[in-house]
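Take a look at the structure set out below.
There are 2 protein chains.
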Amino acid sequence: MKFTAHINIMPLKELLDPQGKAVSNSLHNLGLTNVTNVRIGKHICLSMEAKDAEEAEKMTTEACKKLLANQVMESFKFTLKEE
Amino acid sequence: MKFTAHINIMPLKELLDPQGKAVSNSLHNLGLTNVTNVRIGKHICLSMEAKDAEEAEKMTTEACKKLLANQVMESFKFTLKEE
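For the record, the sequence lines run as chains L and S.
The first sequence begins at 1 in my numbering and counts up by one.
The second sequence begins at 101 in my numbering and counts up by one.
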């Protein structure tokens with residue numbers, strides 16, 4: 001079975017996000033002054049073959065922990081969809 | 101009213117995604133050989149003040165078109181949540 005995991009990796013809330021701050025300032029300069037906060041992370045779509053949703057979930061978690069997310073600075077969340 | 105827009109900005113399907121390809125190869129090297137495809141984009145959380153959902157949607161679309169997404173190479177999608 002084919003699954004696609006949609007993963008969001010975001011900087012932890014406790015940490016500053018200088019990229020988000022820069023974008024927030026730029027949006028203000030463009031006239032969007034009602035924007036109060038911006039945080040920027042990664043969105044990853046992972047397509048895989050797995051025998052069931054449980055295996056797909058396990059693989060996705062392993063990929064996030066081993067490679068995709070730096071857990072010192074980032075948290076990850078994902079949703080799985082069968083294709 | 102406070103709204104948060106959760107925006108996903110992804111490279112267009114027609115385009116190569118070298119970053120995704122590199123991650124895919126790395127996952128194979130880590131033993132996750134069932135991963136068939138990886139695409140990497142940005143996830144942005146935009147908090148804002150708006151009088152209703154319609155205004156928030158308009159602001160988010162403007163932010164994406166003017167600054168956040170390069171529409172030659174990227175597509176964007178978002179969901180809005182009232183806080």
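Here a beta-carbon is modelled for each residue, glycine too, at the ideal position from N, C-alpha and C.
The structure displayed is predicted, hence computed values, not measured ones.
Which of the residues in the stretch 39-68 of chain L, read from start to end, lie with their CB under 8 Å from any CB of chain S? R39, I40, G41, K42, H43, I44, C45, L46, S47, M48, E49, A50, M59, E62, A63, K66, L67 and L68
Counting Cβ pairs closer than 8 Å, one from the stretch 22-38 of chain L and one from the stretch 65-74 of chain L, do we hit at least three? no
Which class does V172(S) belong to by DSSP, given the choice of helix, strand or coil? coil
Are any of the Cβ atoms in chain L nearer than 8 Å to that of T179(S)? no
Inter-residue Cα distance where the pair is T136(S) and E49(L): 7 Å
Name, please, each residue of chain S whose Cβ falls closer than 7 Å to the Cβ of N8(L). H143
So, does the CB of S75(L) fall closer than 8 Å to a CB anywhere in chain S? no
For L32(L), go through chain S and note every residue whose CB falls closer than 7 Å to its CB, in chain order. M159, E162 and A163
Would you please state the rounded distance, in angstroms, between the beta carbons of I39(L) and M10(L)? I believe it to be under 8 Å. Inspection of the sequence shows that residue 39(L) is occupied by Arg rather than by Ile. 6 Å between Cβ atoms; contact.
8 Å Cβ cutoff, V72(L) in contact with chain S: no
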